[in-house]
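Heads up, the thing below is written out as structure tokens.
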Amino acid sequence: TTDGTADPDTDGTAEPTDGTDDTKTDGEVPTVPTDPDANARYRKVLRDAADVGAEETLSQLGDVGTTGHQEATARMSVVVGRTTDGAPDLSRQLDVEVKMTVRNKPGSTPTPGECSCGCGPRCRVNCACQPDCGCGCKKPTPPPPAPPVDEDGKPGKHNNSRLWLVVLGLFGLLAFLFACLMLYSWHNQPQNVGGGHSVTVINNLPPCGDCGSKDPPVVVPPVVEPPFNPPVAPPVVVCPPGSKQDFDEVPGFAFRFVHNAVRERVARYEVTYGEACRGSIVKGYDADRKLLVYQEYDDHHYMTFQYVISYGTDYSTQVDRFEGRGNIFTGRSVYRVNNLGSIVRAEHYSGLKRPVFIVTFVRHGSGGVSALNVEEFNPVTGASVPTRTIDGKVAAGEFLQTKFYVFDWFNQL
1411 TTDGTADPDT
1421 DGTAEPTDGT
1431 DDTKTDGEVP
1441 TVPTDPDANA
1451 RYRKVLRDAA
1461 DVGAEETLSQ
1471 LGDVGTTGHQ
1481 EATARMSVVV
1491 GRTTDGAPDL
1501 SRQLDVEVKM
1511 TVRNKPGSTP
1521 TPGECSCGCG
1531 PRCRVNCACQ
1541 PDCGCGCKKP
1551 TPPPPAPPVD
1561 EDGKPGKHNN
1571 SRLWLVVLGL
1581 FGLLAFLFAC
1591 LMLYSWHNQP
1601 QNVGGGHSVT
1611 VINNLPPCGD
1621 CGSKDPPVVV
1631 PPVVEPPFNP
1641 PVAPPVVVCP
1651 PGSKQDFDEV
1661 PGFAFRFVHN
1671 AVRERVARYE
1681 VTYGEACRGS
1691 IVKGYDADRK
1701 LLVYQEYDDH
1711 HYMTFQYVIS
1721 YGTDYSTQVD
1731 RFEGRGNIFT
1741 GRSVYRVNNL
1751 GSIVRAEHYS
1761 GLKRPVFIVT
1771 FVRHGSGGVS
1781 ALNVEEFNPV
1791 TGASVPTRTI
1801 DGKVAAGEFL
1811 QTKFYVFDWF
1821 NQL
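Each number in our numbering comes from the position in the sequence shown (counting from 1) with 1410 added on.
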């Protein structure tokens, strides 16, 4: 079946040739523009759309030779026409619907085991037993549940075999628990090697000449108390001030303060105790005995500060300082040495890693420090302050020990 429907304004007939319409408004006859080719163009579009819809519907039906009930529909809408600036719109909307249905002829001879319309066990689910198919087949209903039977197979009585199994299981569990209780009681009784109770009898009476005519004396064994061993308190370990102890791994109280950057490189830890094992110093060395970690702790084993030391390939040594329980970075000192091992340049940075001092060493012929050329930076703006010179070994040492970290460890004056 093929239906073609066009807009109510276009029903397939030719429009009036005089360009007028029968509808009047306010006593005047409106002028309607006409398109002499519209009828042929619209019909061709409808015919082409119907052909496309027919192909789509046939693809949906599939193999119509193996089914007795199938239906498919294809719909499409097309807008055709043209418009001109300042002129009325001459376009039209064309709707096309193509519907195809395949049904068995009612009253035909059915195949054995199938309905008269061909809808049977081998039909598709969407085809079998449709309301307009004429078949009397229905979906099978499940059989009613079988009534309970007893042990003799007679209907109307319940089977109590499972109940008996449950009762027997409970009795078995009670018997097992009773046997375990008896075994535990027998195991905890005091026994000797021979299996009986051990009784010690001590007879201090002299032998008698005629003991058979008298009742034997009642002998009461003396009560022997076990020896009393008072508990011994464990020895109190007192750490003399300055005592040291080595560890192959980080001590427990220092574990959370050691940085992961150096933890794997530390081969040995050395702990120096204060008075009564309180207030300790922890040092961590690598396999070459180079100091990597230096920490100081208070009496409660909380860290007060630490130095983390790194060694560069350019003969430089970097010392980072961290403060308090929060392990907060507060500054850095970098020492650069020459191939003879003498410090020739020292740099100090703030907690924000901004330069504070850059010092160049001036040494005399014997290698000692004779003067320092100090370049200082403003800690707020970062601007460089004019370079100044510090003369003399004593003044240079005081400046370096107060402005730089652990300079006195290097013994470079």
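We put the beta carbon where it would ideally sit given N, CA and C, even for glycine.
Exposed or buried, residue i, counting other C-beta atoms within 10 Å across all chains shown (16 or more means buried)?
i       : result
Val1439 : Annotation note: pLDDT 49 at Val1439 (below 50); position unreliable, coordinate value reported separately. It is exposed - the Cβ of Val1439 has fewer than 16 other Cβ atoms within 10 Å.
Tyr1594 : exposed
Gln1655 : exposed
Thr1812 : exposed
Asn1639 : exposed
Thr1467 : buried
Gly1802 : exposed
Tyr1452 : buried
Asn1748 : exposed
Asn1514 : buried
Measure from the alpha carbon of residue i to the alpha carbon of each residue in the options, then state which is nearest.
i       : options                            : result
Val1754 : Ile1768, Leu1762, Gly1741          : Ile1768
Val1816 : His1774, Ser1743, Ser1752, Asn1749 : Ser1743
Ser1487 : Arg1502, Thr1476, Asp1801          : Arg1502
Val1506 : Thr1727, Val1642, Arg1485, Trp1819 : Arg1485
Val1790 : Leu1504, Asp1658, Gly1761, Leu1587 : Gly1761
Leu1504 : Gln1470, Leu1468, Ala1448          : Ala1448
Thr1511 : His1479, Leu1500, Val1489, Val1490 : His1479
Ala1677 : Asp1696, Leu1575, Lys1763          : Asp1696
Val1462 : Thr1797, Thr1483, Arg1746          : Thr1483
Arg1746 : Tyr1759, Thr1727, Val1474, Val1630 : Thr1727
Asp1355 : Arg1673, Arg1666, Arg1513          : Since the first and last residues shown for the chain are 1411 and 1823, residue 1355 lies out of range.
Glu1785 : Trp1596, Glu1757, Ala1806          : Glu1757
Phe1715 : Ile1738, Asp1709, Thr1723, Asp1698 : Ile1738
Gly1722 : Pro1796, Lys1700, Asp1709, His1711 : Lys1700
Asp1709 : Gly1689, Asp1458, Leu1573          : Gly1689
Val1804 : Asp1818, Ser1794, Pro1796          : Asp1818
Taking Cβ to Cβ, would you say residue i is nearer than 8 Å to residue j?
i       : j       : result
Arg1735 : Leu1702 : no
Gly1694 : Tyr1679 : yes
Glu1706 : Ile1691 : yes
Val1455 : Val1508 : no
Tyr1759 : Gly1741 : yes
Phe1667 : Met1713 : yes
Phe1665 : His1711 : no
State the CB to CB distance for the pair residue i and residue j, rounded to an integer number of angstroms; the pair is presumed to be in contact (CB under 8 Å).
i       : j       : result
Ser1752 : Arg1731 : About 24 Å separates the two Cβ atoms, so there is no contact after all.
Ile1800 : Phe1787 : With a Cβ gap of about 16 Å, Ile1800 and Phe1787 do not count as contacting.
Cys1649 : Cys1590 : Contact flag wrong, Cβ pair sits at about 53 Å.
Val1681 : Pro1651 : Not a contact, Cβ separation roughly 13 Å.
Val1779 : Leu1823 : 5 Å
Gly1792 : Arg1764 : 6 Å
- Start-end ranges of the alpha helix (DSSP H) lying completely within the stretch 1658-1742, minimum 4 residues: 1670-1673
- Item | Whole runs of the alpha helix (DSSP H) within the stretch 1455-1500, excluding any shorter than 4 residues | none
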